[in-house]
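Report on one structure; see the data block that follows.
2 protein chains.
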Amino acid sequence: MCQGCFNAPVQNSDAMALTAALLAAAGGLTQRIHEGVVARGFEGVRPAHGFAFTRLAPDGATVTDLAAHLGTTKQAASQLVEELVRKGYVERRPHPADARARLVVLTEAGWACTRAAEEAAAEAVGAWAGVLGEDGVRALRDGLLRVAPGGPIRPAW
Amino acid sequence: MCQGCFNAPVQNSDAMALTAALLAAAGGLTQRIHEGVVARGFEGVRPAHGFAFTRLAPDGATVTDLAAHLGTTKQAASQLVEELVRKGYVERRPHPADARARLVVLTEAGWACTRAAEEAAAEAVGAWAGVLGEDGVRALRDGLLRVAPGGPIRPAW
DNA sequence: TCCTTATGGTCAAGCTGCTTGACCAATGTG
DNA sequence: CACATTGGTCAAGCAGCTTGACCATAAGGA
Numbered sequence: 134m135c136q137g138c139f140n141a142p143v144q145n146s147d148a149m150a151l152t153a154a155l156l157a158a159a160g161g162l163t164q165r166i167h168e169g170v171v172a173r174g175f176e177g178v179r180p181a182h183g184f185a186f187t188r189l190a191p192d193g194a195t196v197t198d199l200a201a202h203l204g205t206t207k208q209a210a211s212q213l214v215e216e217l218v219r220k221g222y223v224e225r226r227p228h229p230a231d232a233r234a235r236l237v238v239l240t241e242a243g244w245a246c247t248r249a250a251e252e253a254a255a256e257a258v259g260a261w262a263g264v265l266g267e268d269g270v271r272a273l274r275d276g277l278l279r280v281a282p283g284g285p286i287r288p289a290w
Numbered sequence: 134m135c136q137g138c139f140n141a142p143v144q145n146s147d148a149m150a151l152t153a154a155l156l157a158a159a160g161g162l163t164q165r166i167h168e169g170v171v172a173r174g175f176e177g178v179r180p181a182h183g184f185a186f187t188r189l190a191p192d193g194a195t196v197t198d199l200a201a202h203l204g205t206t207k208q209a210a211s212q213l214v215e216e217l218v219r220k221g222y223v224e225r226r227p228h229p230a231d232a233r234a235r236l237v238v239l240t241e242a243g244w245a246c247t248r249a250a251e252e253a254a255a256e257a258v259g260a261w262a263g264v265l266g267e268d269g270v271r272a273l274r275d276g277l278l279r280v281a282p283g284g285p286i287r288p289a290w
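Written as structure tokens, this is what we have:
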């Protein structure tokens with residue numbers, strides 16, 4: 134075993150504990166948000182759709198933009214958009230400045246779903262505030278932001 | 134929009150920021166551990182295998198145990214074990230107390246890979262200590278542990 | 001201008017990891 | 001000793017993604 138790592142200030146077992154806690158928290162939070170969205174009446178949506186919504190929300194985006202945001206191929210992004218169109222959450226509009234491109238924008242249902250996800254997230258995080266307190270949650274968020282500034286938007290494993 | 138949520142102490146946008154930071158941190162850390170494991174010469178391993186290793190490490194486990202740990206069907210767990218057997222990381226031994234069951238245990242290569250993952254995790258978390266300090270990392274870990282005690286081991290989305 | 005290259009998007013085929021369903025061997029329970 | 005239960009595998013199918021090919025528009029240079 135690498136002596137440097139073995140003798141590092143942060144012990145291996147601690148690192149694994151942090152990793153496990155991080156994965157558990159992320160997985161649990163994602164799950165709760167998803168359940169909250171479903172409970173609010175939005176069916177046929179997966180967490181992956183939420184990652185797409187965060188990119189589409191402000192002013193829409195092209196399929197290529199979305200693919201870059203999600204870290205997938207543009208074919209995969211196109212299929213995801215097609216699915217969201219079928220389900221009524223987004224629609225394709227002609228791009229105002231490029232006849233090749235198509236601007237994908239949220240429909241009213243898409244906006245409603247996005248708001249539902251925000252509510253569900255606030256609810257789940259609110260439960261955390263009951264354990265850590267408002268300050269604790271803020272500290273957690275700030276620590277994570279400082280530590281993962283450029284992390285992947287769509288964790289895939 | 135739900136007024137209760139809108140007026141909640143933790144604002145929706147804050148909740149989404151925390152969620153994004155959490156996902157980015159988890160995704161980034163997983164990615165770095167994976168890269169560290171690959172850099173140490175272990176090929177053909179995916180993060181999902183690491184989740185399996187953490188269950189098999191102490192004394193081995195049955196396929197059914199593993200399936201429960203990973204949150205999948207036992208068929209999926211069986212296929213994963215088959216793959217790990219092919220790659221030399223685990224082996225199936227007869228179960229000492231039940232002739233139906235088979236005990237899946239790590240081989241020497243499996244142990245080496247587990248140690249490599251621990252080293253890579255310690256390395257990645259060590260980099261975080263450079264930003265947050267030792268105390269900051271500890272606080273982060275403790276906060277996460279308090280907030281996600283029973284979260285899923287294998288985040289899937 | 002025309003030709004060439006780059007870019008946005010889709011269609012089609014294939015692969016991988018998982019699921020459901022069926023089944024067998026061994027266990028335990030009355 | 002029947003009979004339901006449990007551990008495990010085989011087989012088929014599905015969902016989400018990838019690679020490869022292709023078309024339409026755009027951008028840039030001679």
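If you read the protein sequences in the order shown, they are chains A and B.
For the first sequence, this note's numbering assigns the number 134 to the initial residue and increments by one for each residue that follows.
For the second sequence, this note's numbering assigns the number 134 to the initial residue and increments by one for each residue that follows.
Glycine included, every Cβ here is placed at the ideal spot set by N, Cα and C.
Do residue j and residue i come within 9 Å of each other at the CB atom, strictly closer than that value?
| i | j | result |
| --- | --- | --- |
| Gly263/B | Thr240/B | no |
| His202/B | Ile286/B | yes |
| Ala255/B | Asp198/A | no |
| Gly288/B | Ala209/A | Here residue 288/B is Pro; the residue named in the question, Gly, does not match the sequence. Cβ atoms of Pro288/B and Ala209/A: not closer than 9 Å. |
| Arg173/B | Ala230/B | no |
| Ala159/A | Gly283/B | no |
| Arg165/B | Ala253/B | yes |
| Thr163/B | Thr152/A | yes |
| Ala154/B | Leu265/A | no |
| Gly276/B | Gly259/A | no |
| Thr206/B | His228/B | no |
| Val280/A | Trp290/B | no |
What is the rounded straight-line gap between the Cα of residue i and the Cα of residue j?
| i | j | result |
| --- | --- | --- |
| Arg271/B | Glu215/A | 44 Å |
| Ala234/B | Ala245/B | 26 Å |
| Ala119/A | Thr247/B | This structure does not reach residue 119/A, given that chain A is present from 134 up to 290, and the question cannot be answered. |
| Val218/B | Ala200/B | 16 Å |
| Leu236/B | Ala185/B | 14 Å |
| Val170/B | Leu213/A | 32 Å |
| Arg223/B | Gly177/B | Going by the sequence as given, residue 223/B is Val instead of Arg. Approximately 14 Å between the Cα atoms of the pair. |
| Ala190/B | Gly243/B | 9 Å |
| Asp192/B | His182/B | 17 Å |
| Arg226/B | Val238/B | 7 Å |
| Ala232/B | Phe175/B | 33 Å |
| Ala150/B | Leu273/A | 11 Å |
| Arg188/B | Arg188/A | 37 Å |
| Glu267/A | Ser211/A | 40 Å |
| Glu251/B | Gly204/A | 27 Å |
Notebook entry, point to check: Along the segment 263-278 of chain B, what residues have a CB closer than 9 Å to any CB found in chain A?
Noted result: Correct list: Val264, Leu265, Glu267, Gly269, Val270, Arg271, Ala272, Leu273, Arg274, Asp275, Gly276, Leu277, Leu278.
Notebook entry, point to check: What residues in the segment 156-173 of chain B have a beta carbon less than 9 Å from any beta carbon of chain A?
Noted result: Leu156, Ala157, Ala158, Ala159, Gly160, Gly161, Leu162, Thr163, Gln164, Ile166, His167, Arg173
Margin query: Which complete beta strand (DSSP E) runs does the segment 213-254 of chain B hold, if anything under 3 residues is left out?
Written below: 223-227, 235-239
Checklist line | Ranges of the beta strand (DSSP E) found wholly within the segment 158-194 of chain A, counting only runs of at least 3 | finding: Fully enclosed beta strand (DSSP E) runs of 3 or longer: not present.
Next item on the list: Closer than 7 Å, Cβ to Cβ, to anything on chain A: give me those residues from the segment 226-251 of chain B, in chain order.
Entry: Arg248, Glu251
Check: Just by C-beta distance, which residues in the segment 174-200 of chain A are closer than 8 Å to chain B?
Finding: Arg179, Pro180, Ala181, Thr187
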